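In what follows, a structure is listed as structure tokens, so that the remarks can point back to it.
Residue numbers (our numbering): 47 to 247.
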């Protein structure tokens, strides 16, 4: 069993969607990170709070252009992937099983749109971490993201970075970041380097 941040215990094996167990575990981990207030459901407000926390980490205030751009993108993604294709009782509030169902359905029924939004969020996140515009994010910045936003321990953040298997052990390119985010959301390969993007799962 895996416990969500709101204390909701869910099976880590295949759920009603019949999806791959590895994908399911990663989706549950994603739910834990998105459930910012730990109440056992993910809402649009949770995603905005997480975006603003990340913006603050990268030196962007919640009202800054970069932060507004990310919030706008997140709201669009929620509307397009969750609200429009209604397959949960309340698309404004997802418990862990509903979140897993939505994620499984989007990967299989809207793959092109899902991939488009993976690129959008990866681009925005990378740009905010790459404050000096050199096309790279450092291991130190990635670990800080892990400890302060994803709430990993320092050891977990170190292990997560090692699992990314970047060409340069101290830095990550945008192309590497995009592949690893895509791995986390879509890959069923146990050896995919992006599986540990959010640490333990």
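We put the beta carbon where it would ideally sit given N, CA and C, even for glycine. None of these values were measured; they are calculated from a predicted model.
Please look up how many angstroms separate the CB atoms of residue i and residue j, rounded, as I've assumed it's under 8 Å.
i, j, result
"residue 206", "residue 245", "5 Å"
"residue 148", "residue 74", "At roughly 13 Å, the Cβ-Cβ gap does not stay under 8 Å, so residue 148 and residue 74 are not in contact."
"residue 218", "residue 182", "7 Å"
"residue 236", "residue 68", "6 Å"
On a CA-only basis, which of the options is nearest residue i? Give me that one, please.
i, options, result
"residue 203", "104, 125, 188", "188"
"residue 216", "124, 181, 186, 132", "186"
"residue 90", "119, 69, 104", "119"
"residue 103", "138, 200, 171", "171"
"residue 168", "234, 72, 229", "229"
"residue 146", "176, 110, 122, 71", "71"
"residue 121", "241, 174, 214, 138", "138"
"residue 87", "94, 97, 144, 163", "144"
"residue 66", "150, 94, 224", "150"
"residue 115", "97, 190, 126, 127", "97"
"residue 221", "82, 165, 177, 247", "165"
"residue 126", "226, 140, 163", "163"
"residue 154", "238, 135, 231, 190", "231"
"residue 240", "226, 93, 214", "226"
"residue 233", "161, 92, 199", "161"
"residue 209", "99, 140, 247", "247"
Look up residue i in the DSSP assignment and say whether it is helix, strand or coil.
i, result
"residue 141", "strand"
"residue 212", "coil"
"residue 62", "With a pLDDT of 46 at residue 62, under the threshold of 50, the modelled position of this residue cannot be trusted, and the question is left open."
"residue 156", "coil"
"residue 225", "helix"
"residue 146", "helix"
"residue 96", "helix"
"residue 162", "helix"
"residue 243", "coil"
"residue 182", "strand"
"residue 50", "Only weak support exists for where residue 50 lies, its pLDDT of 36 falling under 50; the coordinates are left without a value."
"residue 55", "Residue placement at residue 55 is flagged as unreliable, the pLDDT there being 35, under the threshold of 50; the coordinate-derived value follows with that caveat. Residue 55: strand per DSSP, three-state reduction."
With a threshold of 7 Å, establish whether the CB of residue i neighbours any heavy atom of the ligand ZN.
i, result
"residue 118", "In terms of ligand content, the structure shown is empty, and the ligand ZN therefore cannot be addressed."
Between which two residues does the alpha helix (DSSP H) harbouring residue i extend?
i, result
"residue 123", "111–124"
"residue 70", "67–80"
"residue 191", "185–194"
I need the boundaries of the beta strand (DSSP E) containing residue i, first residue and last residue.
i, result
"residue 127", "It is not in any beta strand (DSSP E) - residue 127 carries neither H nor E in the DSSP assignment."
"residue 219", "217–219"
| said: With three or more beta-carbon pairs closer than 8 Å as the criterion, would you say the region 129–136 touches the region 71–78? | reply: no
| message | Three or more C-beta pairs under 8 Å: does that hold for the region 95–113 against the region 188–200? | response | yes
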